[in-house]
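K.L.:
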Amino acid sequence: MAITDLIPWGRGRDLTTRRSENYNPVLTLHREMNRLFDDVFRGFDVAPFGGSFLEQSMNWPSIEVNETDKDVKVTAELPGLEEKDVQIELAHGVLSIKGEKKTETEDKDRRFSERYYGRFERRIPIEDVDQDKISAAFKNGVLTVTMPKLPQADSKVKRIAINSK
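Numbering-wise (the numbering used here), the sequence shown opens with residue 676 and increments by one.
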């Protein structure tokens, strides 16, 4: 294994430079431009600053799941949304948080219009909660769903002794 194999941004490229007898500066410029665009759009193997835009948009909104002995709390950050834009469901052991935002701005004097549309859905597996006592609160763009646990939830865990001979 060479040291260049350990450098993530050097993979897949031939690092040796060659000069042929039929050197063409235009072709060299073309290759360099292709390499620059490949580097920009491919990225590195290790994503700096939290990943690519696609990865960040797939994980929006930010969700935090907190479990205690008594309940499970799910907190979602939904900036810019209102309560009417969000829908929460619990079905077959999966909590679904869905929402969408539509914004339209039009200024006829300046001949300007802008439309923004965003939709998301996050699914979180949740087990052993009392569906009749689930509550949700929405304040300042933060959604909090509180789900009390069922009393028999702890009884599903059985410790098994190990016998060694």
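Each residue gets a CB set at the ideal place from its N, CA and C atoms; glycine is no exception.
These numbers were taken from a predicted model, which means no experiment stands behind them.
For F728, collect the residues of the same chain with a Cβ closer than 7 Å to its Cβ; drop the 5 residues on either side in sequence, then sort them by chain order.
P.N.:
Residue confidence is low: F728 scores 47 on pLDDT, short of 50, so the model does not pin down where it sits. No coordinate-derived value is stated.
K.L.:
In three-state DSSP terms, what is E802?
P.N.:
DSSP places E802 in coil when its eight states are reduced to three.
K.L.:
Does DSSP put P823 in a helix, a strand or coil?
P.N.:
strand
K.L.:
Roughly how far, in whole angstroms, is the beta-carbon of D760 from the beta-carbon of E779, given that I think they are within contact range, below 8 Å?
P.N.:
Going by Cβ atoms, the distance from D760 to E779 rounds to 14 Å, so no, they are not a contact pair.
K.L.:
Counting pairs of beta carbons, one from the segment 738 to 752 and one from the segment 791 to 810, are three or more of them closer than 8 Å?
P.N.:
Touching, yes.
K.L.:
Cutting at 8 Å between CB atoms, please list the residues of its own chain near L702, excluding the five before and the five after it.
P.N.:
Contacts found: none.
K.L.:
Secondary structure at A722, three-state DSSP: helix, strand or coil?
P.N.:
With a pLDDT of 48 at A722, under the threshold of 50, the predicted position of this residue should be treated as unreliable, and no value is reported.
K.L.:
Under 8 Å by Cβ, that's how I've got D714 and K824 pegged, so tell me the actual separation to the nearest angstrom.
P.N.:
The pair is not a contact, with the Cβ atoms about 50 Å apart (cut-off 8 Å).
K.L.:
Would you kindly work out how many angstroms separate the C-alpha atoms of G793 and K777, rounded to a whole number?
P.N.:
In a straight line, the C-alpha of G793 is about 7 Å away from that of K777.
K.L.:
Going by Cα to Cα distance, which pick from E764, V817, F712, L818 is closest to D807?
P.N.:
Shortest Cα-Cα distance from D807 to any of E764, V817, F712, L818 involves E764.
K.L.:
Within 10 angstroms of its Cβ, does I837 collect 16 or more other Cβ (buried), or is it exposed?
P.N.:
exposed
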